[in-house]
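Novice: Chains as they are written, first to last, in the working numbering: chain F, 187 to 357; chain V, 241 to 967. In this text, a Cβ means the ideal position worked out from N, Cα and C, and glycines have one as well. This structure is in structure tokens; I'll ask about it shortly.
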């Protein structure tokens, strides 16, 4: 491996766009003015949602064209960053499970009674081998039957008997 | 009445309990007392569901102001929700749109989704009955009702089993008498009856025991036979009922379940229920009788010893349970590791060429050995645990006997208990433990069987095919097809066809053109009545498609798909599948029309060649021609060609094209093809764009129009040219 960059297609960074400015339109959607154009609504997509959620964020217009890539959130000014972070938090639903109270199994589907902050709900997970994934940072990603995702940052939060029930599926 | 639906995210994307309310012409969303969103629907054109990652939002699009040239309307956000609410909100959205379009209020459909309407829990895959809410007692009542025919044989089997057990109980009694009266007679017992000598008494008693034993065995065999016969008959009936039902399910219900799942229900679930009938049903009668009899006998003989004998029983059961949980956990983990090892291995071997080209063998070996190592570790751990705790439950079982031996022995020495009674007591004890252990496992097996019953009943309760009208008619399909403002979507939140209106004349050939996913295949699915339109009407001849008899409808529609499935059987059988009882001459004529005859007779076994899973493999083009022959033989009024000529070499394609031209003659034909040149014979072309009919006309008309069709033709020509240049 060398340090040379591999030849390939480069992307447009935010800095490449003259006077790019994010704002909220009158209906509350994220919008972008850049290069003399007004994008009345833009979508943000993380390229690496698990391994690098704060880097390489693609800004997409309503026609599905990529306007630019935000390479690093940290490099943005404070107001823009707050705007982008708020939008990402809304667009990516993946709350942190703070406590697993009970796990019941029925016909191969696991029902996890969990607390998410002050909110309590039951999360149904089928095919646990696939839908309980340990991420690189050690957190557990739980995907329920409807496709919702939840994180358990610290498995130590689980009661011992609950952990025992899930343990066979964790690699 | 306001229509309400729940949503679960607040505008900041945090979980909440919210309610969306639609009353009169106003939509309001609230998470507390006061709504955070209220909007009159007067100037709203459309509602739609926008999906993000793991969540989404309901949006309204305002109608452009009169003569508006202010560009496209901007969306208004109503409320956000996680995917748990997606289905319900999709249905809500559908109703709302219908209202906005027509002013008619149709409440959204509920309760056919993936969540239990009662407790809100997500349902297990493939079933619509919530296992938390299901009434177990009702399930069993129903099962018992279904078993009505086999009750007599099951009861008789239970009776035989009881007799067998009673004969078993007689043996320790005989033993005790022998000990007390013959082998070690206590003082003052007196003489033997019938003037027997001790040797004769042993002989008589031994003979009696042998007889008892023999009679018992006869009853045992009889009971097993009766139970198996009854339950096999029952499971055969059950299996037949379930299979019959599966065949008659609407496609919409079948496509929700995998074929594996359906097979499991027809075979495994019915088997489990049968096992329960033959084994558990009979055994439970037997064990309960045995347990009570033995317990009574023990307490009557010597209450103190009986209590001592029973002390270890609950301990043993508890221990067993605990023990099984630990060992079960280890086994589970072993199974997981083993399946992971297999999948890693499978991956490597399947991708071996990639591994070789990138030279990453070492890395793959390391990956595999790591997984393998894990499996080894867990196996060793499991074995160790097993060896460590396995002896304990056994020991606990013996403990009761030891207690009885110690205290009983002392009683014998003190002369308060006869030796025979002690021995008989010990024999009875052995009878006691068996049913107890069995009963400890009963709840688990009962739960398993209940689940199977739930799954079976669910299939049985599924509505049969799509609803037909009261008196289905069997005439009137003349080839005319009319789509009248048809609206349809597989999922409520994704309409696939929007307001499609199209009249097809009898014997006309219509080509459906458009991008993939535009809704072409959906249109033919509706013509075949695999699904019913959500709104609007589809007419064949002068009648609504729903008025026709199902069989009659299918008799008059022939289909040639891109992929042709051949059943295991001969080529002949596969062609004649369209018309059972067709004469060989008909079949050969059909094959000739389909240009299939040549290649079929070239096969050594001709029309008798076995095809399908274990048989001769036919090429794609050959299978296609078999399918065309099928359609020719069926001679339908309406013919559907779904990509019938794609992915074939030019020579084969021209043969198939020729066969198709013969086939479409004098029939209404709807053809879908991505390669537009294959549609050159179509009378008219219908261009479908995002679920709407965008253009309609002949090839020439559409070309002069320079619209979507023109663009598609030009794009394909360019590609063709480029390919030629490269070639």
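Ignore the nearest five residues each way along the sequence and tell me which others in residue 875(V)'s own chain have a CB closer than 7 Å to its CB.
Specialist: Within the second chain, the letter at position 635 stands for residue 875(V). Around residue 875(V): no qualifying Cβ.
Novice: Per DSSP, which one or two residues make a beta bridge with residue 798(V)?
Specialist: In the second chain, the residue the question calls residue 798(V) occupies position 558. Paired residues: 879(V).
Novice: At the level of alpha carbons, what is the spacing between residue 298(V) and residue 250(F)?
Specialist: By 1-based counting over the second chain, the position of residue 298(V) is 58. By 1-based counting over the first chain, the position of residue 250(F) is 64. If you take the alpha carbons of residue 298(V) and residue 250(F), they lie about 20 Å apart.
Novice: Of all the CB atoms in chain V, is at least one closer than 9 Å to the CB of residue 212(F)?
Specialist: In the first chain, counting from the first residue as 1, residue 212(F) sits at position 26. Yes, residue 212(F) counts as interfacial toward chain V.
Novice: Identify each residue in the segment 812 to 842 of chain V for which the Cβ-Cβ distance to at least one residue of chain F is less than 9 Å, and report them in chain order.
Specialist: For the segment 812 to 842 of chain V, which is checked against every Cβ of chain F, not one residue is closer than 9 Å.
Novice: Just the Cα atoms here: how many angstroms apart are residue 187(F) and residue 588(V)?
Specialist: The count along the first chain starts at 1 and reaches residue 187(F) at position 1. The count along the second chain starts at 1 and reaches residue 588(V) at position 348. Residue placement at residue 187(F) cannot be trusted, given a pLDDT of 42 that sits under 50; what the coordinates show is reported in the next sentence. Taking the straight line from one Cα to the other gives about 25 Å.
Novice: Quick check on residue 484(V): does DSSP put it in helix, strand or coil?
Specialist: Indexing the second chain from 1 puts residue 484(V) at position 244. If DSSP states are grouped into helix, strand and coil, residue 484(V) belongs with the helices.
Novice: Roughly how many whole angstroms lie between the Cα atoms of residue 367(F) and residue 297(F)?
Specialist: Only positions 187 to 357 of chain F appear in this structure, which leaves residue 367(F) out of reach.
Novice: If you compare alpha carbons, which of 932(V), 303(V), 902(V) and 552(V) is closest to residue 921(V)?
Specialist: Counted from its first residue, the second chain places residue 921(V) at position 681. The residue with the shortest Cα to Cα distance from residue 921(V) is 902(V).
Novice: Just mark residue 308(V) as buried or exposed, buried being the case when its beta carbon has 16 or more other beta carbons within 10 Å.
Specialist: Numbered from 1 along the second chain, position 68 holds the residue referred to as residue 308(V). In this prediction, residue 308(V) has a pLDDT of 48, which is less than 50 and means its spatial position is unreliable; nothing more can be read from the coordinates.
Novice: Is any heavy atom in the ligand SAH found nearer than 8 Å to the beta carbon of residue 958(V)?
Specialist: The ligand SAH is absent from the structure shown, which contains no ligand whatsoever.
Novice: I need the DSSP call for residue 332(V), collapsed to helix, strand or coil.
Specialist: For the purposes of this step, residue 332(V) is identified with residue 92 of the second chain, where counting begins at 1. Helix at residue 332(V).
Novice: Which residues in chain V have a C-beta closer than 9 Å to the C-beta of residue 308(F)? List them in chain order.
Specialist: Residue numbering aside, residue 308(F) sits at position 122 when the first chain is read from its first letter. Correct list: 359, 360, 361 and 362.
Novice: Give the single residue among 809(V), 816(V) and 864(V) whose Cα lies nearest to the Cα of residue 836(V).
Specialist: If you number the second chain from 1, residue 836(V) lands on position 596. Closest by alpha carbon: 864(V).
Novice: Could you work out which residues of chain V lie near residue 275(F), taking near to mean beta carbons separated by less than 8 Å?
Specialist: Stepping through the first chain from its first residue, residue 275(F) is reached at position 89. What residue 275(F) touches in chain V: 252 and 253.
Novice: Buried or exposed for residue 407(V), please, with buried defined as at least 16 other CB atoms from any protein chain shown within 10 angstroms of its CB.
Specialist: Position 167 of the second chain, counting from 1, holds the residue named residue 407(V). By the 10 Å Cβ count, residue 407(V) comes out buried.
Novice: Hey, residue 716(V) and residue 759(V): beta-carbon distance below 9 Å or not?
Specialist: Working through the second chain from its first residue, we reach residue 716(V) at position 476. Working through the second chain from its first residue, we reach residue 759(V) at position 519. The answer is no: Cβ separation not under 9 Å.
Novice: Quick check: is the beta carbon of residue 606(V) nearer than 9 Å to any beta carbon in chain F?
Specialist: Taking the first residue of the second chain as 1, we reach residue 606(V) at position 366. So, not an interface residue.
Novice: Report the rounded CA-to-CA distance for residue 577(V) versus residue 349(F), giving the unit in angstroms.
Specialist: For the purposes of this step, residue 577(V) is taken as the residue at position 337 of the second chain. For the purposes of this step, residue 349(F) is taken as the residue at position 163 of the first chain. If I take the Cα positions, the gap works out to 18 Å.
Novice: Which residues mark the beginning and the end of the alpha helix (DSSP H) in which residue 543(V) is found?
Specialist: Translated into the one-based positions of the second chain, residue 543(V) becomes position 303. Here the alpha helix (DSSP H) through residue 543(V) covers 543 to 550.
Novice: Pick out whichever of 741(V), 455(V), 656(V) and 546(V) has its Cα sitting closest to the Cα of residue 644(V).
Specialist: Locating residue 644(V) in the second chain gives position 404, where the first residue counts as 1. When only C-alpha atoms are compared, the closest one is 546(V).
Novice: Using the C-alpha atoms, what's the distance from residue 457(V) back to residue 332(F)?
Specialist: Locating residue 332(F) in the first chain gives position 146, where the first residue counts as 1. Locating residue 457(V) in the second chain gives position 217, where the first residue counts as 1. Approximately 56 Å between the Cα atoms of the pair.
Novice: Where do the N-terminal and C-terminal ends of the beta strand (DSSP E) with residue 262(V) fall, by residue?
Specialist: Against the second chain, residue 262(V) aligns to sequence position 22. From DSSP, the beta strand (DSSP E) with residue 262(V) extends over 255 to 263.
Novice: Mind pulling the chain V residues with CB within less than 9 Å of residue 319(F)?
Specialist: Stepping through the first chain from its first residue, residue 319(F) is reached at position 133. Those within 9 Å of residue 319(F) in chain V number zero; the least Cβ separation is about 13 Å.
Novice: State yes or no: is the C-beta of residue 670(V) within less than 9 Å of the C-beta of residue 413(V)?
Specialist: Taking the second chain and counting its residues from 1, the one referred to as residue 670(V) is at position 430. Taking the second chain and counting its residues from 1, the one referred to as residue 413(V) is at position 173. No.
Novice: According to the Cβ coordinates, are residue 814(V) and residue 866(V) closer than 9 Å?
Specialist: The count along the second chain starts at 1 and reaches residue 814(V) at position 574. The count along the second chain starts at 1 and reaches residue 866(V) at position 626. Closer than 9 Å, so yes.
Novice: Just list the residues that DSSP pairs residue 362(V) with in beta bridges.
Specialist: Start at 1 with the first residue of the second chain, and residue 362(V) comes out as number 122. Residue 362(V) is bridged to 355(V).
Novice: Counting only Cβ-Cβ distances shorter than 9 Å, please list the residues of the segment 277 to 288 of chain F near chain V, keeping chain order.
Specialist: Those residues of the segment 277 to 288 of chain F that come within reach of chain V (Cβ to Cβ, closer than 9 Å) are 277, 278, 279, 280 and 281.
Novice: Using three-state DSSP, classify residue 310(F) as helix, strand or coil.
Specialist: Residue numbering aside, residue 310(F) sits at position 124 when the first chain is read from its first letter. Note: residue 310(F) maps to strand in three-state DSSP.
Novice: Against residue 314(V), what residues of chain F qualify as contacts under a CB-to-CB distance less than 9 Å, listed in chain order?
Specialist: By one-based count along the second chain, residue 314(V) stands at place 74. Ordered by position in chain F, the residues that pass the 9 Å Cβ test against residue 314(V) are 211, 212, 213, 215, 226 and 227.
Novice: Name the chain V residues that come within less than 7 Å of residue 302(F), Cβ to Cβ?
Specialist: Here residue 302(F) refers to the residue found at position 116 of the first chain. Result: 255.
Novice: Cβ atoms of residue 489(V) and residue 753(V): under 9 Å apart, would you say?
Specialist: Position 513 of the second chain, counting from 1, holds the residue named residue 753(V). Position 249 of the second chain, counting from 1, holds the residue named residue 489(V). No.
Novice: Would you report the Cα separation of residue 791(V) and residue 775(V), rounded to the nearest angstrom?
Specialist: As a working mapping, residue 791(V) is identified with position 551 in the second chain. As a working mapping, residue 775(V) is identified with position 535 in the second chain. Their Cα atoms are separated by approximately 24 Å.
Novice: First and last residue of the beta strand (DSSP E) that includes residue 292(F)?
Specialist: To locate residue 292(F), count along the first chain from 1; it is residue 106. 285 to 292 is the span of the beta strand (DSSP E), which, as asked, contains residue 292(F).
Novice: How big is the Cα-Cα spacing for residue 923(V) and residue 884(V)?
Specialist: One-based indexing of the second chain puts residue 923(V) at position 683. One-based indexing of the second chain puts residue 884(V) at position 644. One C-alpha to the other measures close to 18 Å.
Novice: Cβ closer than 7 Å: which chain V residues qualify as neighbours of residue 297(F)?
Specialist: Mapped onto the first chain, residue 297(F) falls at position 111. Here the neighbours are 361.
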